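Engineer: Protein chains in written order, with our numbering: chain A, -7 to 448; chain B, -7 to 448; chain C, -7 to 448.
(1) Going by DSSP in three states, residue 377(C) sits in which element: helix, strand or coil?
(2) Quick check on residue 309(A) - is its C-beta less than 8 Å from some C-beta in chain B?
(3) Suppose only complete runs of 4+ residues qualify. What are the alpha helix (DSSP H) ranges in the region 391 to 443 of chain A, listed by chain order?
(4) What is the rounded straight-line gap between the Cα of residue 350(C) and the Cα of residue 314(C)?
(5) According to DSSP, is residue 169(A) part of a helix, a strand, or is it coil?
(6) Quick check: the Cα distance between residue 38(B) and residue 47(B), rounded to an integer number of angstroms?
(7) If you check the beta carbons only, do residue 325(A) and residue 157(A) fall under 8 Å apart?
(8) Any beta carbon from chain B within less than 8 Å of residue 280(A)'s own beta carbon?
(9) Output yes if chain B places a C-beta closer than 8 Å to the C-beta of residue 253(A); else output no.
(10) Using a cut-off of 8 Å between C-beta atoms, extract the partners of residue 70(C) located in chain A.
(11) Entirely within the region 243 to 294 of chain B and at least 4 residues each: give me those alpha helix (DSSP H) ranges in chain order.
(12) Would residue 132(B) be called buried (16 or more neighbouring beta carbons within 10 Å of its own) or exposed?
(13) With DSSP collapsed to three states, give me the class of residue 332(A).
(14) Since residue 42(C) meets chain A, which of its residues come closer than 9 Å, beta carbon to beta carbon?
(15) So if I threshold CB-CB distances at 9 Å, which residues from the region 161 to 191 of chain A count as touching chain C?
(16) Beta-carbon within less than 7 Å of residue 268(B)'s beta-carbon, same chain only, minus the 5 sequence neighbours each way: which residues are those?
(17) What number of angstroms, rounded off, separates the C-alpha of residue 172(A) from the C-alpha of residue 246(C)?
(18) Residue 218(B) lies in the alpha helix (DSSP H); which residues open and close that run?
(19) Determine the contact status of residue 59(B) and residue 258(A), defining contact as a CB-CB distance below 8 Å.
(20) Any beta-carbon of chain A closer than 8 Å to the one on residue 271(C)?
(21) Rounding to the nearest angstrom, what Cα-Cα distance links residue 243(C) and residue 143(A) in this structure?
(22) Is there contact here, the region 382 to 398 of chain A with the region 247 to 256 of chain A, by at least three beta-carbon pairs under 8 Å?
(23) Between residue 263(B) and chain C, is there a C-beta pair that is closer than 8 Å?
(24) In the DSSP output, what is residue 162(C) paired with across the bridge?
(25) Tell me, please, whether the CB atom of residue 131(C) is closer than 8 Å to any CB atom in chain A?
(26) What is the DSSP secondary structure of residue 364(B), reduced to helix, strand or coil?
(27) For residue 333(C), tell me which candidate among 205(C), 446(C) and 441(C) has the shortest Cα-Cα distance.
(28) What is the DSSP secondary structure of residue 107(B), reduced to helix, strand or coil?
(29) Compute the Euclidean distance between the alpha carbons of residue 432(B) and residue 203(A), then round it to the nearest angstrom.
(30) Anything in chain B within Cβ reach of residue 30(C), meaning under 8 Å, just list it in chain order.
(31) State yes or no: is the beta carbon of residue 296(C) nearer than 8 Å to at least one beta carbon in chain A?
(32) Just to check my reading of the structure: residue 294(A) and residue 318(A) have Cβ atoms closer than 8 Å, yes? What is that Cβ distance to the nearest angstrom?
(33) Is any beta-carbon of chain A found at less than 8 Å from that of residue 51(C)?
(34) Looking at the C-beta of residue 230(C), does it have a partner C-beta in chain B at a distance below 8 Å?
(35) By a C-beta neighbour count over all protein chains shown, 10 Å radius and 16 as the cutoff for buried, is residue 51(B) buried or exposed?
(36) Return the Cβ separation of residue 74(C) and residue 367(C) in integer angstroms, given the expectation that the two are a contact with Cβ distance under 8 Å.
Structural data, given as C-alpha cells:
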C-alpha cells in the first residue's frame, strides 16, 4: 500500500530531475568541466530549497495566527478573563506542538494503516494509522519529496494549533484551564490527526475524491465541531441566558480584537498559500500567487458581505465584531479551494461566508449555545460552506464526495470530542463554579488581573 | 505605443535567458542528456520563482501595514471612537481590494491610452488609460516579465490600500462610515490608479524623467492630499478649535499606537524592498539589501530627529506621538529613493523628515486643519520632501521633473478629491452631527463600545 | 591573520562553485550555446540570492522582535509609565541602528586586530579590533561570501538591537530617558560588538572552541548582564521594597504582554533560523528547518515547564507573566545550540529554562534587585544555561570553552556596563526623582499619558 501524502499528485516534476541527478549515462564526448558545472548547478538549483523555504515561511506566517487568535479572543472576553485567555492561547499552542510530536504527526501520515476498508488485507482506504510515537526527521528521501522533513512537520504543526485555537475562543470565560489543555492534547494528538489522515495522509477520503485544499473541513470545521461539543458539555457562561433573554456580554477590547482579525488575515496567506506545498517552479509559484489573490478577495467579500448585511439588519449600525468575523468567515470559506475560483467567484464565496456568519450568530443564541467569540459561525458554518463550494469551480470534484467528507468528519469529531469532554467533565470537571466565573478567571485561576488599573 | 510597466528598464536580463529557453540552434555534437539536464535546470532556475516570491513576500509584509495603520489610528483616537476606527481600517482595506480589481489595476497599467499628449495620434505621454473592467490574470507572458501576474496585482493592491489608510487617520472621529468608504472606492478605483499610471503605468511623467522609487509622491502624498482635502471639507472635530485655542484631544491608547508604528516600520521593508520588483539575480537582491538598510536608517533619522527637536522645543519633554510620526516621516522621506543614498544620506534624509513632522503638526493647528493622527505631516509633507531629495543622490534625475511630478499629482488629487468629497457632502453628508460626535462613533454608528469596561 | 566571520566553516560549498564560475578551461568541442546557457544559469542559480534573502527575511522577522519587546514591556509596567516604555523601545532601536553603523559593525568584524593574544605580533586570538568608523557596503567579494554585505549588516544590526531591548525592560519605570539612550549607545557601539568580535568576528573565543550558535551568551546574556548592572546602579523603583516586604507592582496590560511574547516567539525563528547564515543549498535549508523545529519545541518546553512549576508552587494558580517568561526562557535556552539537539532534548532544554525562570524571579526579589519584566531570569540565567547545555548535544564542543566564554563575556560586560552606568550616574544622573516616579514617567518625561481615559 502506498501512503499518499498531502502532496499526492503534485510531485514538482522532481521525478525527472532526480532521475537526471541520479546519473544517466551519456556519450563520451561530454566535456568533464561542463559536467561538473551542470552538477554544481543541479546541487543548488533544485526546487528543494524553494519548497522547503515555502514551508518555513508559510509556517511562520501561520504560527503568527496563534497571536491573532490570542488578540481576537482576549479582546472579545470581558476584562476579568483576558489574562487567562492570553495565557491559554500560549498554553494551547505549546500543547499542540508537544502532542503533534509525540503522536499526532505520525498518525496523520502513517507509515502503515492499522485499520482500513480496502480489499487487500484491509489496508487500502485507510482509516486509522498504526501508532508510532516520537516523530523524528528522516531526510534521506527529501530530494525526492522536494522538501525537508522538518519543514513539513513545522508547517503541519501550526495547522493543528490553528484547530485548537478555534476551540479556546468558544469555551472561554468558564472552562477550567487544565481540562481545557487536556482536551487540546486529545484534539491535537488524536482527533485532528486521525481525521486528517483520511485525506492528507492518503486515507479513504482521498481515495473517494474528497477535496479540501487547505482545510475548510479538515482544520476549521474540526475546530468548530470540537468547540460546539465543548460549548454544549460545559454549558453557557453564568448569566448569559435567562429564559428567552440573551444577556450581551460585550468584549472588553475591540481594537485588540481588530488587530487579531488582521493578524489572522495576514496569517491566512501562509495558511492557504503554503498549502500549495511547493513553489520551486513556474507552475507552483504561480499557483501560490493565485491563492494569495483569491484568499484576499474572499476576505474582502466576507467583510463587505457582513458589513452590508448587519447595516441592513441592525438599522444602519455596523457591528464591528460581525465585521471581524465576516473577514474570518470569508477566509474560512475560500480555504477548501483557493486555486480554481475566478476572482469574482472568490469574492462571492467569501461574501456568502460573511452572510452566514451574520445569520448564524443569533441562531446559536436561540439554541442557547454560548460561543464567546463567534468561532462556530466563522469556522464551522463557513467551513462547511467552503467545502460544499469546491465543485462550483473545481471540475475534478463532486458534491457527493464533499458531503461524505463533511458528514463523516463531523460525526467523528463530534463523537470523539463528546467522549473526551464528558470524560473530563466527570473526572476533573470542566466548568468553573459560578463564584469563580463571577470573580473572573484571572483572579480565580491566574492570580493576577489583565488590566488591574482600568476595570471597575 | 509600448506601455512601460513599473518594471521598465529592469528586465532582469531575462530577455537573454528566455531567448535561450525559446530554443537557439546548436551544433550536432551536443549530448542529448546534457541538453535535457540543462533544460530541466532552466525550468527551475529562472529568476521567475524568486521574483514572484518577492512580490508575495513583500506584498504580505505591506499588507500587514494595514494592521499597523489600524493600531496607530485606534490608539490615537479617543476611546469612544476606537472600535469604529478599527473596523473602518478593515473596511477600507476591503474596499481597496475590491475597487483595484474592478477598475484600478487596469487603469494603472492600461492596455492602451485613451488620452495622451503624444505626437502620433495622441497616445504617447499617456494621461488616461482606456477603461477595462474586472482584471483577471494572464500569465502567458510571465516568463518574459519575470513574475506571475497575480503576484504583481497583489503587490500593487496593498499599495493602494496604504494610500487609503492614510486618509482614514486624518478624518477620524467625525466622518460618517459609508461616505468614507465611498470616497475610498473613488480613491482606489480612480484617483490613485490614474495618477499612478502617469509614472508606474508608463505615462507622461515617466516620459519626462520623474523618479519615485516606491511612492513618496505616488502613494504617500496622494493619501496625504486626499486626507487634507477631506479634513477641510469635513471640518474639524467638534470642540477642537475655539477661537485661537487648540483643544488637545489625546489619544486613548499610546502603546497601541506605538505598536502600530513598529508594524509600519516592519511593513516598510516590504514596501521599499519589494519595489525593486525583482530579486532573482545578484544585482537585484543586492539592491533589495541596500534598500533595506537605507529604509531602516531613514527611520532611525526620523526618530532621533523628532526626539531631539521635540526635546528642544518642549522643554525637555519628548512627545511620544511626535516620535512615532517621526519614524513614519523618516520612512516616507526615503521612499522616493532608497537605493542610491549612502547610509549617512539616508539618516539625514530621514532626520529632515522627522524635523518636518515636528514643525508642521502645529502649523496645521494654526490653519485649523484637524488631522487626528498627524498623517498630513508624515505622509504629505515628508512625501514632498522625499521626492525633492531624489536628485541629491540619484544623478539620473533632476529637480525640474521632480517638481512637475509633485505639483501635477498634487493638483490632480486635490481637484478630484474635492469633487468626490463635495459630491458626498451634498448628497449623503460626510460629517456626523455634533451629538453623534459627542456620543462617540462607536455608539452612534457601530453599536458597541471599544472598551466598555474602562472608559469614564 | 585571517578574520573568521560568523560564517566560518560554513562556506556554502561556494568555493567550488565560484572556482567554476571564474572560468575553468575546457576542451574545444564544447558548443558555445551550451556554454552560454550554463553561464546564464550560473548567474541566477548560485546560492547568493537565497542566502542574501535569508538574511533579509530572517532579519525582518528579528526586527519585529523590537515590537515584541515593546508590547511585553509596555504591558508589564504600570499604566503611568507605558507611553514612555513604548517610546523608549522605538528610541533604543534607532540608537542601536545608528551606533552599529557608526562603530559597532566594524568593531564586531574588524578588518584587523588592534589587540590580541597571539604569538605573531599579538594579532591572533584577537581581543579588540582596530577602530574604523562609518561602515559602508563593499560587495566586491560577495559572490565568494555568498551574501550581500548589506543583508549581513541588517541581520547583525537587529541582533544588537535585541540585546539593547533586554536592558530597557529591567530598568523600566525609574530610569531617565536620555541617560538610558546613551547607555544604549555604549552598549551597541562598544560593549556588544567587542565581546561579539571574540566569537563571531573570529577572535580569541572562536579560537579556543567556544560555541554559541545564535547568541544565548553573545546576545541574551550580554543584555542580561547590562540590565543587571543597570538595576543595581539605578536601584529599585520607589516603593518596591520595604524592609523584607516585596511590593507587587502588577503590569497594566497583560494581553499586550501576551502579544509581545508571541511576537518574540515569532521573531525567534528568524533569530535562530537566520543564524544558519545560509539556505542556498540542501544542507543549509535543511539545517534551517531543524532549527525552526527545535526553537519551537524549546519554547514549548519553557511554557509547559513554567506552567506546571508555577501551578505546583502557587497552589494551582498559573501566573501568566511566568508563563510568558517561560516561553522566552525556553527560547533563550535553545539559542546557543538549536541545530544538534533531538526534539526531545530541545523540549528538555527549554523546560529547564522555564524552571529556571520560575525559580530565579523570587531570588532577584530576595536580593532586592528590581527587574520590572523578568528579563534577567529569562535572558541572563537561561542564556548561561543554554550555553552550558551545548556540549550535551554538540560533540564538537566542550564545557571548558563554554565556561570560559560565559565567564569572560560576563566579566567584560559587567565591568564595562558598570563604568558606563556609573559615569552616567555621576554626570547626568540615571534615576528619576521619587516625585517623578510617583507621577509617572509619561507625565514627567513624555508629556502625555498612555491611557488618559482609563487609569485611575
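Even glycine gets a Cβ: it sits at the ideal position worked out from N, Cα and C. Quick caveat: nothing in here was measured; it's all calculated off a predicted structure.
Structural biologist: According to the data block:
(1) Within the third chain, numbered from 1, the residue matching residue 377(C) stands at position 385. Here residue 377(C) sits in helix by DSSP.
(2) For the purposes of this step, residue 309(A) is taken as the residue at position 317 of the first chain. Yes, residue 309(A) counts as interfacial toward chain B.
(3) Within the region 391 to 443 of chain A, the runs of alpha helix (DSSP H) that reach at least 4 residues and sit entirely inside it are, in chain order, 391 to 419 and 426 to 431.
(4) As a position in the third chain, residue 350(C) is number 358, starting the count at 1. As a position in the third chain, residue 314(C) is number 322, starting the count at 1. Taking the straight line joining both Cα atoms gives about 6 Å.
(5) One-based indexing of the first chain puts residue 169(A) at position 177. In the three-state reduction of the DSSP assignment, residue 169(A) falls in the helix class, which pools H, G and I.
(6) If you number the second chain from 1, residue 38(B) lands on position 46. If you number the second chain from 1, residue 47(B) lands on position 55. The alpha-carbon atoms of residue 38(B) and residue 47(B) are separated by roughly 16 Å.
(7) Position 333 of the first chain, counted from the first residue, corresponds to residue 325(A). Position 165 of the first chain, counted from the first residue, corresponds to residue 157(A). Between residue 325(A) and residue 157(A), the C-beta gap is not smaller than 8 Å, which leaves the two residues out of contact.
(8) The residue labelled residue 280(A) in the question sits at position 288 within the first chain. Yes, contact with chain B.
(9) Counting from 1 along the first chain, the entry for residue 253(A) is found at position 261. Residue contact check for residue 253(A) against chain B: a CB pair falls below 8 Å.
(10) Along the third chain, one-based indexing puts residue 70(C) at 78. In chain order, 445 make up the part of chain A whose C-beta sits under 8 Å from the C-beta of residue 70(C).
(11) You should have 246 to 265.
(12) Here residue 132(B) refers to the residue found at position 140 when the second chain is read from its first residue. When all chains shown are included, residue 132(B) counts as exposed.
(13) As a first step, residue 332(A) must be located in the first chain, where it is residue number 340. Note: residue 332(A) maps to coil in three-state DSSP.
(14) Working through the third chain from its first residue, we reach residue 42(C) at position 50. Under the 9 Å cutoff, chain A gives 36, 41, 42 and 45.
(15) Residues of the region 161 to 191 of chain A with a C-beta less than 9 Å from any C-beta of chain C: 169, 170 and 173, listed in chain order.
(16) Position 276 of the second chain, counting from 1, holds the residue named residue 268(B). Counting only Cβ-Cβ distances below 7 Å, and skipping sequence neighbours, we find 276, 279, 280 and 283.
(17) For the purposes of this step, residue 172(A) is taken as residue 180 along the first chain, with counting starting at 1. For the purposes of this step, residue 246(C) is taken as residue 254 along the third chain, with counting starting at 1. C-alpha separation (whole angstroms): 21 Å.
(18) Indexing the second chain from 1 puts residue 218(B) at position 226. Per DSSP, residue 218(B) is one residue of the alpha helix (DSSP H) stretching across 214 to 226.
(19) Taking the second chain and counting its residues from 1, one reaches residue 59(B) at position 67. Taking the first chain and counting its residues from 1, one reaches residue 258(A) at position 266. Going by C-beta atoms, residue 59(B) is nearer than 8 Å to residue 258(A).
(20) Locating residue 271(C) in the third chain gives position 279, where the first residue counts as 1. Interface criterion met: the Cβ of residue 271(C) is under 8 Å from a Cβ in chain A.
(21) Against the third chain, residue 243(C) aligns to sequence position 251. Against the first chain, residue 143(A) aligns to sequence position 151. For residue 243(C) and residue 143(A), the distance between alpha carbons rounds to 37 Å.
(22) No contact exists between the region 382 to 398 of chain A and the region 247 to 256 of chain A.
(23) Counted from its first residue, the second chain places residue 263(B) at position 271. Residue contact with chain C for residue 263(B): absent (no Cβ-Cβ distance below 8 Å to any residue of chain C).
(24) Translated into positions along the third chain, residue 162(C) becomes position 170. None; residue 162(C) has no bridge partner.
(25) What you label residue 131(C) is simply residue 139 of the third chain in a count that begins at 1. No - not a single Cβ of chain A is within 8 Å of the one on residue 131(C).
(26) Mapped onto the second chain, residue 364(B) falls at position 372. Three-state result, residue 364(B): coil.
(27) The residue given as residue 333(C) occupies position 341 in the third chain. The candidate whose alpha carbon is nearest that of residue 333(C) is 205(C).
(28) The sequence position of residue 107(B) within the second chain is 115, counting from 1. If DSSP states are grouped into helix, strand and coil, residue 107(B) belongs with the strands.
(29) As a first step, residue 432(B) must be located in the second chain, where it is residue number 440. As a first step, residue 203(A) must be located in the first chain, where it is residue number 211. Each residue's Cα considered, the two are about 47 Å apart.
(30) Sequence index remark: in the third chain, residue 30(C) carries index 38 (1-based). 30, listed in chain order.
(31) Here residue 296(C) refers to the residue found at position 304 of the third chain. It does: the Cβ of residue 296(C) has a partner Cβ on chain A nearer than 8 Å.
(32) In the first chain, residue 294(A) corresponds to position 302, counting from 1. In the first chain, residue 318(A) corresponds to position 326, counting from 1. Contact holds; Cβ gap of about 4 Å.
(33) What you label residue 51(C) is simply residue 59 of the third chain in a count that begins at 1. So no, residue 51(C) is outside the interface.
(34) Walking along the third chain from the start, residue 230(C) turns up at place 238. Taking 8 Å as the threshold, the shortest C-beta distance from residue 230(C) to chain B does not fall below it.
(35) For the purposes of this step, residue 51(B) is taken as residue 59 along the second chain, with counting starting at 1. Answer is buried; the Cβ neighbour count reaches 16.
(36) As a first step, residue 74(C) must be located in the third chain, where it is residue number 82. As a first step, residue 367(C) must be located in the third chain, where it is residue number 375. Not quite, the Cβ-Cβ distance comes to about 17 Å (not below 8 Å), so this is no contact.
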